[in-house]
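Residue numbers (the UniProt record's numbering), protein chains in the order written: chain F, 1 to 258; chain Y, 1 to 258. Please read the structure below before turning to the comments.
2 protein chains.
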Amino acid sequence: MEGISLLILATLIATSHASHVEIPRPIHLLRPQTGAGGHHIQGISCFSWRLGVETNNIRDWKTVPLSCEDYVGHYMLGDLYRKDCKLVADAAALYAQNLKLAGDGKDIWVFDIDETTLSNLPYYAKHGFGAEPYNSTQFNEWVYTGKAPPLPENLKLYKKLLSLGFKIVFLTGRAENQRKITVTNLKEAGYHTWEKLLLRGSSDENTTGVVYKSGQRKKLEKKGYRILGNMGDQWSDILGTHTGNRTFKVPDPMYYIS
Amino acid sequence: MEGISLLILATLIATSHASHVEIPRPIHLLRPQTGAGGHHIQGISCFSWRLGVETNNIRDWKTVPLSCEDYVGHYMLGDLYRKDCKLVADAAALYAQNLKLAGDGKDIWVFDIDETTLSNLPYYAKHGFGAEPYNSTQFNEWVYTGKAPPLPENLKLYKKLLSLGFKIVFLTGRAENQRKITVTNLKEAGYHTWEKLLLRGSSDENTTGVVYKSGQRKKLEKKGYRILGNMGDQWSDILGTHTGNRTFKVPDPMYYIS
């Protein structure tokens with residue numbers, strides 16, 4: 001880890017010296033001006049860019065700026081991403097344990113899946129950490145391996161929520177035809193039980209994430225469920241309607257889903 | 001600036017080595033374990049804490065954790081805060097300039113005041129950057145000096161919005177009895193015109209920021225205004241109802257208003 005930490009520090013130092021924050025156009029295909037020596041780049045502060053993404057100030061972005069590919073990579077592989085995730089999980093656990101549940105099986109916690117309960121970092125590490133355009137064929141091949149590991153802090157949170165008496169609902173943008181592999185992967189990753197696993201059906205194919213997920217949450221509430229917590233890595237997981245009593249945003253600087 | 005940059009870097013390096021992210025209890029009054037040598041602190045990662053605050057994962061906090069006082073101070077006085085602010089202002093400008101205004105004088109941009117258009121950093125720099133408990137008497141004394149400088153990037157955005165044809169509405173938690181000094185301060189800081197300056201009246205005294213501001217925005221919409229942009233440093237500025245077509249969160253790790 002020490003080597004990675006040093007890389008992170010080098011990147012921190014480099015990016016903190018960038019003198020402008022405009023997002024530059026990609027320079028050329030070989031990306032010679034990126035990397036830990038990125039302090040030569042005139043343009044974006046990758047620190048500020050990540051904050052802008054996490055606060056929903058930057059929206060509808062297609063890929064990580066090329067000049068931030070290495071920064072995002074170091075962040076995702078390093079200590080800070082884990083710490084950032086732990087802080088969110090700890091805040092969620094603190095909130096959850098102070099709630100008084102009704103105990104009628106209707107108190108639910110909604111989890112997104114990708115980059116919230118399961119991590120696709122093994123895939124994105126091979127695909128520019130979000131700096132490469134999204135390739136659904138390749139990504140779905142990865143999904144069908146069923147090998148996505150859990151986000152450790154959120155797996156711990158999941159277990160804690162179960163012990164507190166919450167019912168778990170997974171609400172994912174994955175397609176209904178990926179149900180079987182998703183079940184397999186969730187169980188293998190340590191998520192062994194849930195109340196519902198809601199995947200995107202054919203009728204939801206052409207809606208945005210925020211519309212699809214709001215609709216699903218509305219149906220849950222109509223069935224008498226109380227959404228006490230709602231956690232996702234995308235703002236589209238936690239904005240919209242029927243967002244629940246409290247929302248939690250998990251870090252994800254690799255991609256944007258509207 | 002080089003000295004400040006080095007301090008920031010020292011802080012970055014220090015905090016990136018912290019090994020846990022739990023928020024510790026304040027240790028004791030002399031705060032011996034804080035400072036740029038904060039890498040000795042077992043406890044919070046101030047990086048992660050700030051992200052948690054900016055993403056609304058950490059809520060209802062009273063003061064900056066003592067172990068993060070120096071980190072927040074360096075951040076606020078340093079280059080990164082300015083870059084973070086610039087990125088938000090740039091994103092807002094890009095959004096605004098791509099809108100087609102109706103041109104009937106009803107297209108408005110709502111700005112919060114404190115830490116959004118005017119900066120109280122000169123005050124907070126003398127009061128622990130938010131690590132000291134809020135003291136309304138002292139803070140109001142500062143307000144009555146009328147000396148709060150503008151946030152430079154948001155003053156630039158304000159001017160751009162005016163040139164694009166937006167009407168400006170200032171919506172602040174400041175009390176109605178501070179109208180005169182607020183007008184003086186805004187004008188001195190370079191904000192020379194606006195459609196409305198809405199301050200908190202006596203009937204709004206006991207409501208939260210989010211309820212008060214939602215109510216004010218509702219009234220604006222009832223009068224036919226279209227809230228195309230809404231910018232504030234607190235989540236309570238931009239959550240709630242009638243939030244506008246798009247919201248922008250300005251960084252503020254110094255205090256929390258519900």
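By construction, the Cβ of each residue, glycine as well, lies at the ideal position given by its N, Cα and C atoms. Since we're looking at a predicted model, the values are computed, not measured.
Going by beta carbons, P150/Y and G201/Y fall outside the 8 Å limit. Annotation for F170/Y: the continuous beta strand (DSSP E) segment containing it runs 167-175. Residues of chain F whose Cβ lies closer than 8 Å to the Cβ of K249/Y are, in chain order, T55, N56, N57.
Counting the other Cβ atoms within 10 Å of the Cβ of L87/F gives 16 or more, which makes it buried. In this structure, DSSP gives V64/F a state outside helix and strand, which the three-state scheme calls coil. Nearest C-alpha to F166/F among S67/F, M76/F, A93/F: A93/F.
Among the CB atoms of chain Y, none fall inside 8 Å of the CB of K160/F. At a cut-off of 8 Å between C-beta atoms, S45/F counts as an interface residue with respect to chain Y. By the criterion of a C-beta distance shorter than 8 Å, T207/F is surrounded in its chain by G215, once the five residues flanking it on both sides are discounted.
Residue contact with chain Y for A91/F: present (Cβ-Cβ distance below 8 Å to some residue of chain Y). DSSP, read as helix, strand or coil, puts M254/F in coil. Nearest to H192/F by C-alpha distance, out of E176/F, Y158/F, E205/F, is Y158/F.
Within the stretch 142-229 of chain Y, the runs of alpha helix (DSSP H) that reach at least 4 residues and sit entirely inside it are, in chain order, 152-164, 179-189, 209-222. Listed along chain Y are S48, L51, each with a C-beta nearer than 7 Å to that of D84/F.
Contact check between the stretch 134-142 of chain F and the stretch 182-189 of chain F: fewer than three CB pairs, one atom from each, fall below 8 Å, which does not count as touching.
In this structure, the straight-line span from the alpha carbon of R217/F to that of K126/Y is close to 47 Å. In chain order, V64, E69, V72, G73, M76, M254 place their CB closer than 7 Å to the CB of F129/F, counting only its own chain and leaving out the 5 sequence neighbours on each side. Looking at S45/F, F47/F, R59/F, the one whose alpha-carbon comes closest to that of Y256/F is R59/F. Counting only runs of at least 3 residues, the stretch 49-130 of chain F fully encloses the following beta strand (DSSP E) elements, listed from N- to C-terminal order: 107-111. Between N154/F and the set C46/F, S203/F, S258/F, K249/F, the nearest pair of CA atoms involves K249/F. Minimum Cα-Cα distance from K106/Y among the listed residues K160/Y, L228/Y, K180/Y corresponds to L228/Y. At a cut-off of 8 Å between C-beta atoms, L87/F counts as an interface residue with respect to chain Y. When DSSP states are grouped into helix, strand and coil, T137/F belongs to the helix group.
Cα atoms of G232/F and G240/F: separation of roughly 13 Å, rounded to the nearest angstrom.
A straight line joining the alpha-carbon of A96/Y with that of K156/Y spans about 13 Å.
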